[in-house]
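Asker: Chains as they are written, first to last, in our numbering: chain U, 2 to 212; chain G, 2 to 212.
Got a structure for you, written out below as structure tokens; questions coming shortly.
2 protein chains.
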Amino acid sequence: MIHRAPLRDEVYRQILESIHHGTPPAGSRVRDSDLAARLGVSRTPVREALLRLSREGVLEADMGRGFRVPPLAAGEIAETGQILGTLESLALDLTPDFPAERLQRLGAIDRKLEQTRGDAARCADLEDEWHGTLLEGCPNRRLLDLIVSLRQVLRRYLSAYLRDVARLALSTLPHQKIIDALRDGDRKAAHLVFAQQWRRGIEELQAWASR
Amino acid sequence: MIHRAPLRDEVYRQILESIHHGTPPAGSRVRDSDLAARLGVSRTPVREALLRLSREGVLEADMGRGFRVPPLAAGEIAETGQILGTLESLALDLTPDFPAERLQRLGAIDRKLEQTRGDAARCADLEDEWHGTLLEGCPNRRLLDLIVSLRQVLRRYLSAYLRDVARLALSTLPHQKIIDALRDGDRKAAHLVFAQQWRRGIEELQAWASR
DNA sequence: ATACAGCATATCGTATACAGAATACTCTAT
DNA sequence: ATAGAGTATTCTGTATACGATATGCTGTAT
């Protein structure tokens with residue numbers, strides 16, 4: 002069973018990756034013809050990807066003025082964080098079980114996370130992967146899709162933060178606490194730590210973004 | 002200060018309205034050239050609108066096969082309902098206050114709702130307006146945007162339901178209970194009734210959709 | 001030096017063109 | 001009459017073209 006993938010999807014991924022690496026930097030314009038030339042495709046799929054990115058909040062679009070990477074705004078962290086924290090908590094609650102195999106994979110990601118030094122984007126990637134793995138058992142696929150797309154917004158801040166403070170690695174301690182609670186079958190505790198970690202993470206990002 | 006609006010936005014609205022009225026019916030294909038001809042614009046803005054609608058879950062897009070109105074599926078009601086109920090509850094909690102003026106407007110919408118007979122789409126419109134008005138004070142604009150776009154998915158089911166059972170009007174009783182609780186400053190009670198009403202609504206829709 | 005008018009250029013939003021894949025159609029063989 | 005191969009047509013995804021608006025530059029006046 003073969004299936005062709007739309008160009009716009011690949012273009013979407015490429016642009017997103019660039020933005021996470023900070024190119025172009027926050028505040029700058031994004032010219033569709035530039036991207037089309039760089040990626041070797043026409044403007045059409047590029048614009049489709051840009052339109053999608055601006056619906057998702059990763060880009061801004063002003064009529065007649067094209068697209069731009071919005072400046073980092075502390076307020077956006079809180080807005081998106083509230084939503085994402087709520088939705089990920091919901092996904093956690095909806096997940097029927099956490100088989101040992103999944104918990105092991107979570108531990109493996111944490112170990113990689115601890116070994117990752119210096120590469121902010123890679124670090125943020127792993128953090129994303131951890132959350133994705135934790136929630137992958139949630140049967141509500143639409144919810145998972147929504148979470149993934151919302152996460153792109155926060156990822157921009159997380160990457161910028163990690164680059165800026167040049168922190169060598171994210172702490173995996175709260176991760177481990179959640180894994181332990183789930184292994185013991187203590188959903189309530191897991192939920193609590195998870196929500197608390199979310200709050201802390203958002204506060205940390207916000208404190209940084211507010212200078 | 003004048004601002005031109007992108008064609009794709011107007012096209013988006015038109016298509017959405019059609020779908021809510023049940024044309025084209027669930028299951029049928031949507032040809033961009035048809036719409037372009039009918040609306041008197043080119044395929045470009047039409048495709049942009051269709052792409053957006055399929056990202057939002059109102060349409061389906063298969064590569065090489067274009068777009069279609071997905072068949073009504075009971076599972077989708079539960080999936081979207083879980084998300085939307087959670088997010089609207091969040092928005093309710095985040096709203097700092099409910100001035101008397103807003104509560105009066107809610108009452109006015111309810112009265113219109115009671116007088117609306119037979120027009121399913123109009124009825125669903127008013128139900129939407131009620132929720133929109135209830136939550137308009139929430140300072141998290143991104144959350145409100147997200148809620149609006151998610152609501153489009155459920156609206157398709159609500160419209161179809163109202164058309165099918167030919168119910169003359171939605172009950173505004175739970176609405177009134179929420180308004181009363183808010184007037185008394187009893188947020189907890191309001192939250193409770195709200196969440197409960199959500200559950201009941203979803204169950205009702207789902208029971209209908211499952212035949 | 002600064003601010004502004006006027007022109008040149010770039011870039012956007014939309015329309016159209018084109019190639020290839022999917023669907024519909026026809027004709028034949030059973 | 002039905003099923004299936006082969007062809008014609010439609011429609012999609014992507015590329016290109018075009019007109020209009022926004023942006024940037026140059027020169028001049030203050």
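For every residue, glycine included, the Cβ atom is placed at its ideal position computed from N, Cα and C.
Given the structure is predicted, the values throughout are model-derived calculations rather than measurements.
For a contact meaning CB atoms closer than 7 Å, what does G:Gly65 contact in chain U?
Answerer: Ordered by position in chain U, the residues that pass the 7 Å Cβ test against G:Gly65 are Arg5.
Asker: Return the residue from the list U:Leu151, U:Arg103 and U:Ser29 that minimises the CA-CA distance to U:Glu89.
Answerer: Closest option to U:Glu89, Cα to Cα, is U:Leu151.
Asker: For the stretch 52 to 78 of chain G, which residues have a beta carbon sitting closer than 7 Å to at least one beta carbon of chain U?
Answerer: Flagged, chain order: Leu52, Arg53, Arg56, Gly58, Met64 and Gly65.
Asker: Express the C-alpha separation of U:Thr134 and G:Phe195 in angstroms, rounding to a whole number.
Answerer: 32 Å
Asker: Within the same chain, show all residues whose beta-carbon is closer than 7 Å to that of G:Gln15, passing over the 5 residues directly before and after it, in chain order.
Answerer: Leu40
Asker: From this set, G:Ile110, G:Ile180 and G:Leu206, which residue's C-alpha is nearest G:Val154's C-alpha?
Answerer: G:Leu206
Asker: Can you tell me which residues form a DSSP beta bridge with G:Glu61?
Answerer: Looking at the DSSP assignment, G:Glu61 forms a beta bridge with G:Arg69.
Asker: What residues from chain G crowd round U:Ile84, counting only those whose CB sits closer than 8 Å?
Answerer: Taking a Cβ-Cβ cut-off of 8 Å, the neighbours of U:Ile84 in chain G comprise Leu88, Leu91, Asn141, Arg143, Leu144 and Leu147, given in sequence order.
Asker: I need the boundaries of the alpha helix (DSSP H) containing G:Cys139, first residue and last residue.
Answerer: No alpha helix (DSSP H) contains G:Cys139, which DSSP labels as neither H nor E.
Asker: Could you tell me whether any Cβ in chain G is nearer than 8 Å to the Cβ of U:Glu80?
Answerer: yes
Asker: Could you give the DSSP three-state label for G:Arg30: helix, strand or coil?
Answerer: Strand.
Asker: At the level of alpha carbons, what is the spacing between G:Arg30 and G:Met64?
Answerer: 13 Å
Asker: With distance defined between alpha-carbon atoms, name the residue in U:Arg106, U:Gln105, U:Cys124 and U:Asp120 nearest to U:Leu114.
Answerer: U:Cys124
Asker: Give the C-beta separation of G:Val47 and G:Asp33 to the nearest angstrom, bearing in mind that I take them to be a contact with Cβ-Cβ under 8 Å.
Answerer: With 8 Å as the limit, G:Val47 and G:Asp33 qualify as a contact, their Cβ atoms being about 5 Å apart.
Asker: Jot down the residue ranges of each uninterrupted alpha helix (DSSP H) in the stretch 159 to 209 of chain U, minimum 4 residues, whole runs only, in chain order.
Answerer: 174 to 184
Asker: Let's test the definition: count the other Cβ atoms within 10 Å of the Cβ of G:His1 and tell me whether it reaches 16, buried, or not, exposed.
Answerer: Residue 1 of chain G cannot be examined here, being either before or after the span of chain G that is shown, 2 to 212.
Asker: Around the Cβ of G:Ala6, are there at least 16 other Cβ atoms within 10 angstroms (buried) or fewer (exposed)?
Answerer: exposed
Asker: In whole angstroms, what is the alpha-carbon distance linking U:Arg69 and U:Ser55?
Answerer: 9 Å
Asker: Just the C-alpha distance for U:Leu36 and U:Arg44, rounded to the nearest angstrom, thanks.
Answerer: A direct Cα-Cα distance of roughly 8 Å separates U:Leu36 from U:Arg44.
Asker: Just to confirm, is the Cβ distance from G:Ala74 to G:Leu136 under 8 Å?
Answerer: no
Asker: Leaving out five residues on either side along the sequence, give the residues of the same chain with a beta carbon under 6 Å from the beta carbon of U:Ser160.
Answerer: His21, Ala121, Ala122 and Ala125, listed in sequence order.
Asker: Report the residue from U:Leu174, U:Arg66, U:Leu183 and U:Gly86 whose alpha carbon sits nearest the alpha carbon of U:Trp199.
Answerer: U:Gly86
Asker: To the nearest whole angstrom, what separates the beta carbons of U:Leu104 and U:Arg156, a pair I think is in contact under 8 Å?
Answerer: In fact, because the Cβ distance is near 24 Å, the residues do not count as touching under 8 Å.
Asker: What residues of chain G sit near U:Glu49, judged by a beta carbon separation below 9 Å?
Answerer: Arg48, Glu49 and Leu52
Asker: Taking just the CA atoms, how far does U:His132 sit from G:Leu164?
Answerer: Note on identity: in this sequence residue 164 of chain G is Arg, with Leu being the wrong assignment. So the alpha carbons of these two residues sit roughly 41 Å apart.
Asker: Can you list, in chain order, the residues of its chain whose CB lies under 6 Å from that of U:Lys178, leaving out five sequence neighbours each side?
Answerer: Val194
Asker: Figure out for me which residue from G:Arg142, G:Arg143, G:Asn141 and G:Ala109 has the closest Cα to the Cα of G:Glu130.
Answerer: G:Glu130 has its Cα closest to that of G:Ala109, out of G:Arg142, G:Arg143, G:Asn141 and G:Ala109.
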